[in-house]
Amino acid sequence: MAPLPTIIPIIMAGGAGSRLWPVSRDTMPKQFIELLDDGLSAFQATLRRVVGEGFGRPIVVTNNDFRFIAAEQLSRLRIDAEIVLEPERRDSAAAVAVGALLAERQGAGGVCLLLASDHVIGDEAGFLDAVRKAASVAATGRIMTIGITPDHPSTAYGYIHPGLEELGQGARSIERFVEKPDRATAEGYIAEGYVWNSGNFAFSAEVMLKELQHFAPDVLTAAREAVDKATRDLDFIRLDAAAFSTSPTISIDYAVMEKTRAGGVLAAEFGWSDIGSWDSLHAVKDKDANGNRLEGDVVAIDTRNSFVRSEEALTTVLGLDDVVVVTTHDAVLVSSMAAAPKVKTLVAELKRAGRREAGEHMRIHRPWGWYQRIDIGDRFQVKHICVKPGGRLSLQRHHHRAEHWVVVHGTAEVTIDGATKFYHENEAAYLPIGCVHRLHNPGKIDLKLIEVQVGSYTGEDDIVRLEDVYARS
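For the sequence shown, our numbering assigns the number 105 to the initial residue and increments by one for each residue that follows.
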């Protein structure tokens with residue numbers, strides 16, 4: 105048997121995950137949230153599975169808005185990865201093309217392993233065994249899909265019909281891809297030996313780029329130009345926005361996999377879920393004797409087979425079965441378990457109505473920490489601000505508001521018009537309109553303060569950045 109090729113992980117982490125609203129939103133999507141019980145986000149768990157012996161340096165393809173979140177979560181695990189920033193979302197084909205081009209330019213050879221960043225794996229050893237088998241077949245020139253042997257007739261996943269040709273390692277050719285079916289059709293697929301399409305692939309960069317050139321040349325041309333004109337921004341590769349925007353919005357399944365003759369599928373069983381909706385998350389969670397999963401400040405009486413999660417207020421459920429109830433700081437979701445996959449439709453309706461809650465959390469993450477609105481009214485706004493150790497806000501000024509900072513935890517280094525002073529717990533700094541100021545946490549613990557803004561306008565766009573260590577000015 106030939107030596108196993110080096111496996112280069114390409115992690116796609118730019119999605120929004122709106123079916124897990126209101127916890128997952130555009131400003132902090134599901135892949136970066138600790139939804140499971142291991143203390144890690146799905147993104148972190150995905151990366152941790154594919155580092156070490158046999159794996160090359162990962163390539164993370166994510167959205168520009170998530171760059172500091174991804175970098176911080178990688179840093180916590182001490183994983184070194186190349187972080188590539190998409191200027192806008194163009195579905196998976198463009199991300200695959202970019203990843204394959206960068207892997208090719210690493211010059212290490214080997215096989216690329218394309219993984220979604222929001223999947224849950226129950227049996228890690230089984231997953232790695234499947235990955236190595238798929239990589240071994242991919243090294244012979246195949247684009248391998250890791251298929252999942254179904255354990256129920258799901259209507260949430262696409263299916264693959266394996267072909268008759270044996271490719272080695274238990275893999276087979278692909279007869280056809282099919283879309284998400286209704287339940288009766290899914291039952292028929294399972295009886296005929298179909299597998300779920302996990303959306304995870306193994307391929308050599310050379311073969312994938314060749315197939316993209318043949319079947320989706322516009323995607324490859326846009327990706328190649330975006331990579332050729334990319335710039336370095338701190339620790340990130342920033343793809344050229346103008347070039348990337350010319351790529352068609354299309355998935356890798358439609359662009360290549362449903363057309364190529366190089367495709368193959370390896371059926372595997374390792375406890376896989378894409379945790380795409382609240383019902384699928386409920387399915388992989390531990391539950392009590394009544395089939396309930398209760399998280400946070402929750403009381404449930406005469407309730408069965410339900411998922412109830414509270415991030416803020418006491419949440420009570422009485423006499424209900426098969427429901428999802430999710431309470432956050434600013435929104436509540438109540439749904440039947442059966443309707444949970446349709447939350448995406450609800451979010452789309454909220455966006456059409458112009459509701460901020462559809463895509464934006466109350467807690468907004470920044471590279472230096474986060475802030476959360478407490479109250480807002482005519483000519484004022486109150487925020488809770490947390491600056492992580494070493495965090496430093498931009499040197500800035502405001503044209504329409506003054507600010508008062510009250511330190512409630514830690515030490516603040518405050519610079520106002522060139523003068524620097526330290527403030528400790530229960531001390532306050534006043535920043536008049538137009539002053540040039542900066543906030544820094546010089547300590548080893550989080551700095552927390554209450555900010556009171558007073559003025560004719562308190563929007564986030566009333567910030568003039570003069571200097572910024574995170575290259576946002």
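From the three backbone atoms N, C-alpha and C, an ideal C-beta is built for every residue, glycine too.
Proximity to residue i [Cα-Cα], best of the options
i: glutamate 157; options: Gln135, Leu232, Glu269; result: Leu232
i: proline 536; options: Gly272, Ile111, His503; result: His503
i: glycine 522; options: His528, Ala506, Arg501; result: Arg501
i: glutamate 291; options: Val202, Ser351, Thr253, Val438; result: Thr253
i: proline 133; options: Val412, Ala149, Asp169; result: Asp169
i: serine 221; options: Gln210, Val540, Asn167; result: Asn167
i: leucine 343; options: Ala327, Ile356, Pro352; result: Ala327
i: tyrosine 561; options: Ile480, Glu399, His541, Leu271; result: Ile480
i: isoleucine 183; options: Ala199, Val200, Glu192, Phe159; result: Phe159
i: isoleucine 520; options: Tyr534, Val510, Asn530; result: Tyr534
i: serine 439; options: Asp425, Tyr293, Arg209; result: Asp425
i: alanine 207; options: Arg161, Arg194, His265; result: Arg161
i: histidine 265; options: Gly367, Lys314, Glu310, His256; result: Gly367
i: isoleucine 341; options: Thr249, Asp482, Leu205; result: Leu205
i: isoleucine 354; options: Pro321, Asp332, Glu186, Val402; result: Pro321
Through-space distance from residue j to residue i, alpha-carbon basis
i: methionine 105; j: serine 240; result: Here the model assigns methionine 105 a pLDDT of 49, short of 50, so the residue's position is not dependable, and the following value carries that caveat. Those two C-alpha atoms are separated by around 9 Å.
i: glutamate 373; j: alanine 146; result: 19 Å
i: threonine 335; j: tyrosine 358; result: 30 Å
i: isoleucine 549; j: glycine 494; result: 9 Å
i: alanine 444; j: aspartate 383; result: 6 Å
i: serine 196; j: glycine 538; result: 45 Å
i: arginine 470; j: phenylalanine 172; result: 7 Å
i: leucine 108; j: threonine 244; result: 11 Å
i: valine 568; j: threonine 420; result: 45 Å
i: isoleucine 247; j: valine 202; result: 16 Å
i: glutamine 476; j: aspartate 130; result: 16 Å
i: glutamate 279; j: leucine 271; result: 13 Å
i: alanine 575; j: isoleucine 114; result: 25 Å
i: aspartate 434; j: threonine 350; result: 37 Å
i: lysine 448; j: serine 381; result: 9 Å
i: valine 299; j: leucine 418; result: 42 Å
i: glutamate 571; j: serine 122; result: 34 Å
i: lysine 525; j: valine 518; result: 5 Å
i: threonine 432; j: arginine 459; result: 15 Å
i: leucine 398; j: aspartate 255; result: 25 Å
i: glutamate 315; j: proline 257; result: 32 Å
i: leucine 139; j: leucine 385; result: 8 Å
i: glutamate 192; j: alanine 393; result: 45 Å
Strand pairing of residue i, partner residues [DSSP]
i: lysine 525; result: Val518
i: alanine 372; result: Ile252
i: phenylalanine 340; result: Ile187, Asp337
i: lysine 552; result: Cys490, His513
i: valine 412; result: Leu398, Val429
i: aspartate 479; result: Val486
i: asparagine 586; result: For the chain, the structure presents residues 105 to 577; residue 586 sits outside this window and is missing.
i: glycine 272; result: Ala275
i: tyrosine 561; result: According to DSSP, tyrosine 561 bridges with nothing at all.
i: alanine 533; result: Trp509
i: glutamate 571; result: Leu499
Whole-angstrom C-beta distance between residue j and residue i, which should lie under 8 Å
i: glycine 262; j: glutamate 228; result: So it is not a contact: roughly 24 Å between Cβ atoms.
i: alanine 120; j: valine 164; result: Not a contact, Cβ separation roughly 17 Å.
i: alanine 506; j: glycine 559; result: 6 Å
i: glycine 267; j: asparagine 301; result: In fact, because the Cβ distance is near 14 Å, the residues do not count as touching under 8 Å.
i: histidine 578; j: leucine 551; result: With the chain covering 105 to 577 only, the question about residue 578 has no answer from this structure.
i: valine 540; j: leucine 499; result: 6 Å
i: alanine 345; j: glutamate 329; result: Actually they are not in contact, since the Cβ atoms of alanine 345 and glutamate 329 sit about 11 Å apart, beyond 8 Å.
i: phenylalanine 281; j: glutamate 362; result: 5 Å
i: glutamine 273; j: leucine 370; result: 7 Å
i: leucine 181; j: isoleucine 111; result: So it is not a contact: roughly 18 Å between Cβ atoms.
CB contact below 8 Å: residue i versus chain C
i: glycine 463; result: The structure shown has no chain C; it contains just one protein chain.
Where the beta strand (DSSP E) through residue i begins and ends
i: lysine 487; result: 484–491
i: tryptophan 300; result: 299–307
i: leucine 543; result: 541–544
i: serine 439; result: 436–440
i: arginine 161; result: Premise fails: arginine 161 is in no beta strand (DSSP E) and is neither H nor E.
i: isoleucine 468; result: 467–470
i: threonine 420; result: 419–422
Unbroken alpha helix (DSSP H) run spanning residue i, endpoints
i: methionine 116; result: Element bounds for methionine 116: not the alpha helix (DSSP H) but the beta strand (DSSP E), 111–117.
i: glycine 214; result: It is not in any alpha helix (DSSP H) - glycine 214 carries neither H nor E in the DSSP assignment.
i: valine 447; result: 447–456
i: arginine 236; result: 228–242
i: threonine 385; result: The sequence as given places leucine at residue 385; threonine does not occur at that position. Leucine 385 -> alpha helix (DSSP H) spans 382–388.
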